[in-house]
Structure formats: structure tokens, C-alpha cells
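S.K.: Chains as they are written, first to last, in the numbering used here: chain E, 46 to 159; chain Y, 451 to 565.
1) Can you tell me whether residue 522 of chain Y is helix, strand or coil according to DSSP?
2) Keeping to the same chain, check which residues put their C-beta closer than 6 Å to that of residue 488 of chain Y; ignore five residues upstream and five downstream.
3) To the nearest angstrom, how far is the alpha carbon of residue 475 of chain Y from that of residue 132 of chain E?
4) Kindly give me the distance between the Cβ atoms of residue 466 of chain Y and residue 551 of chain Y, rounded to whole angstroms, as I take these residues to be in contact under 8 Å.
5) Let's test the definition: count the other Cβ atoms within 10 Å of the Cβ of residue 84 of chain E and tell me whether it reaches 16, buried, or not, exposed.
6) Taking any Cβ of chain Y, which residues in the segment 58-69 of chain E have a Cβ under 7 Å from it, in chain order?
7) Just to confirm my understanding: we take residue 53 of chain E, look at its own chain, exclude 5 residues before and 5 after, and list those with CB closer than 7 Å. What are they?
8) Tell me which same chain residues have a C-beta within less than 6 Å of the C-beta of residue 157 of chain E, skipping the five on either side of it?
9) So, using beta-carbon positions, are residue 135 of chain E and residue 66 of chain E closer together than 8 Å?
10) In whole angstroms, what separates the C-alpha of residue 523 of chain Y from that of residue 482 of chain Y?
11) Going along the chain, which residues of the segment 537-561 of chain Y sit with their C-beta nearer than 7 Å to a C-beta in chain E?
12) In the DSSP assignment, find the unbroken beta strand (DSSP E) run with residue 478 of chain Y in it and report its ends.
13) Excluding five sequence neighbours on each side, which residues of the same chain lie with their C-beta closer than 7 Å to the C-beta of residue 50 of chain E?
14) Strictly below 9 Å CB to CB, what residues from chain E border residue 485 of chain Y?
15) Which residues, in order along the segment 489-503 of chain Y, keep a beta-carbon less than 7 Å from a beta-carbon of chain E?
16) According to DSSP, simplified to helix, strand and coil, what is residue 131 of chain E?
Structure (C-alpha cells):
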């Protein structure tokens with residue numbers, strides 16, 4: 046499809062395991078964001094990529110969280126040694142650099158840590 | 451620091467009623483942008499509107515209207531003649547000139563429109 050694609054849509058894992066969440070942005074969008082939405086909460090900014098610039102990692106909650114974006118397209122968010130408090134929906138969004146703030150979101154990856 | 455407050459956690463109305471969703475923001479930036487997004491049950495947030503800090507004109511788009519008032523730091527969203535399909539979580543967001551590219555979201559308002 047033409048929208049932002051995220052996988053897996055659902056992930057259940059055991060505490061202490063590592064997980065990888067994938068985001069495939071809209072073709073041609075240079076900006077890519079990861080947000081986290083916990084149950085009943087707003088969206089918490091995690092990380093932002095823009096073209097070849099250094100990413101803005103200021104929202105990552107701990108050093109267990111990391112993300113990369115290969116070739117300016119697909120991005121992977123990795124959570125190491127998952128904890129129960131990591132349970133949330135992880136949302137990816139992309140945008141063109143020309144449109145301030147109009148983000149196109151994927152449907153999210155729901156992570157449950159048992 | 452940027453902050454967005456949506457004091458209404460949940461609102462329930464009957465179809466055809468008008469409903470206003472409140473949004474209050476805080477920022478020290480003189481240039482900023484305000485947004486509303488809709489999150490239907492499918493989970494995918496959808497952009498509704500962007501307003502910059504220098505444009506206080508109210509905007510109407512079909513049954514949707516937005517009231518931006520800098521004097522009260524508010525950017526409220528009104529749905530006229532609500533419909534069941536309007537049921538969703540609505541988020542207000544803020545992007546200031548000093549916040550880089552991040553949007554700061556409020557906690558959202560769950561709107562339920564009952565038939």
C-alpha cells in the first residue's frame with residue numbers, strides 16, 4: 046500500500062527478551078518518527094530521523110532502546126531486555142520535510158511484555 | 451518546555467449533538483504550530499488540521515471547526531451535528547520553533563457518539 050507500514054502488528058514477549066519493530070515509511074518521505082502510546086496515555090516521542098542528519102534520540106527512555114534507519118527508508122526500533130513497563134503501542138510516522146507537522150502514521154505495533 | 455493539556459478524558463454525546471473538544475497549550479516560543487489528529491479504532495492517527503501561531507483566524511471544514519485563541523492559549527475543536535463515525539480519540543499537538551521536529555501531544559479525548 047501507499048501508507049506507512051509497521052510490523053509486527055502484535056508482539057507478545059517474555060520479560061528479558063529483545064524485540065525488533067519495523068517501520069516502512071511512505072516512499073519519498075525523508076522524515077521518520079517513532080512514538081510510544083501507553084494505555085490511556087498520549088503519544089510519547091521517542092526518536093526522529095531526517096534524511097542523512099544525525100537522529101534526534103532525546104526521547105528514548107533508556108539505553109535499552111535504540112533505532113536505526115537504513116538507506117534513508119526502513120527503520121527498526123530495538124528494545125533490549127524488555128520490561129513490563131515497555132508494554133505499549135509503538136507508532137511510526139513519516140513526513141516530507143516540506144510539510145510542517147503533518148505526519149502520516151502507521152497502525153502501530155502493539156507490544157505486550159509478560 | 452512544551453505542554454498540551456486536554457482536560458476532557460472522555461466525552462459521550464448522542465448523534466446530531468454538537469461537541470467541543472478543549473485543548474490548552476504552553477510554550478515559550480513565539481513561533482509554533484498547533485495540530486489536531488484523529489485516532490479511530492483502527493489505531494492509525496489521521497491529520498486533521500495545522501494552525502500557525504500568527505494565524506488566529508478560525509477555520510471551518512464541513513462539520514469541523516477550530517477556534518484558536520492566543521490570549522487563552524487554547525485551540526478548541528468543535529464537531530457540529532456529530533455522527534457515529536466521529537467516534538475516535540482526538541489528539542491536540544504542538545510544535546514549537548525550539549522543539550526541533552518533535553510534536554508534543556496531549557493525552558487525547560475519547561469521543562463516543564451514540565446513535
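Even for Gly, the Cβ is constructed at its ideal location relative to N, Cα and C.
M.R.: Let me lay it out:
1) Translated into the one-based positions of the second chain, residue 522 of chain Y becomes position 72. It is helical.
2) Residue mapping note: residue 488 of chain Y aligns to position 38 of the second chain, counting from 1. These residues qualify, in order along the chain: 496, 498, 538 and 540.
3) Taking the first residue of the second chain as position 1, residue 475 of chain Y is located at position 25. Taking the first residue of the first chain as position 1, residue 132 of chain E is located at position 87. Cα to Cα, the separation comes out at about 28 Å.
4) For this step, residue 466 of chain Y is matched to residue 16 along the second chain. For this step, residue 551 of chain Y is matched to residue 101 along the second chain. Incorrect: roughly 40 Å between the Cβ atoms, too far for contact.
5) Along the first chain, one-based indexing puts residue 84 of chain E at 39. By the beta-carbon neighbour count (other beta carbons within 10 angstroms, threshold 16), residue 84 of chain E is exposed.
6) none
7) Here the question's residue 53 of chain E lines up with position 8 in the first chain. 154.
8) In the first chain, counting from the first residue as 1, residue 157 of chain E sits at position 112. Cβ neighbours of residue 157 of chain E beyond the five flanking positions: 57 and 132.
9) Locating residue 135 of chain E in the first chain gives position 90, where the first residue counts as 1. Locating residue 66 of chain E in the first chain gives position 21, where the first residue counts as 1. For residue 135 of chain E and residue 66 of chain E, yes; Cβs fall inside 8 Å.
10) For the purposes of this step, residue 523 of chain Y is identified with residue 73 of the second chain, where counting begins at 1. For the purposes of this step, residue 482 of chain Y is identified with residue 32 of the second chain, where counting begins at 1. Using only the alpha carbons, I get a separation of about 12 Å.
11) 541, 545, 550, 551, 552, 553, 555, 556, 557 and 558
12) Here residue 478 of chain Y refers to the residue found at position 28 when the second chain is read from its first residue. Careful: residue 478 of chain Y lies outside any beta strand (DSSP E) and carries neither H nor E.
13) On the first chain, residue 50 of chain E is found 5 positions in, with the first residue counted as 1. Closer than 7 Å at Cβ, skipping near neighbours: 69 and 151.
14) On the second chain, position 35 is the one that residue 485 of chain Y refers to. The answer, in chain order, is 146, 147 and 148.
15) 492, 493, 494, 495, 497 and 500
16) Along the first chain, read from residue 1 onward, the residue named residue 131 of chain E stands at position 86. Three-state result, residue 131 of chain E: helix.
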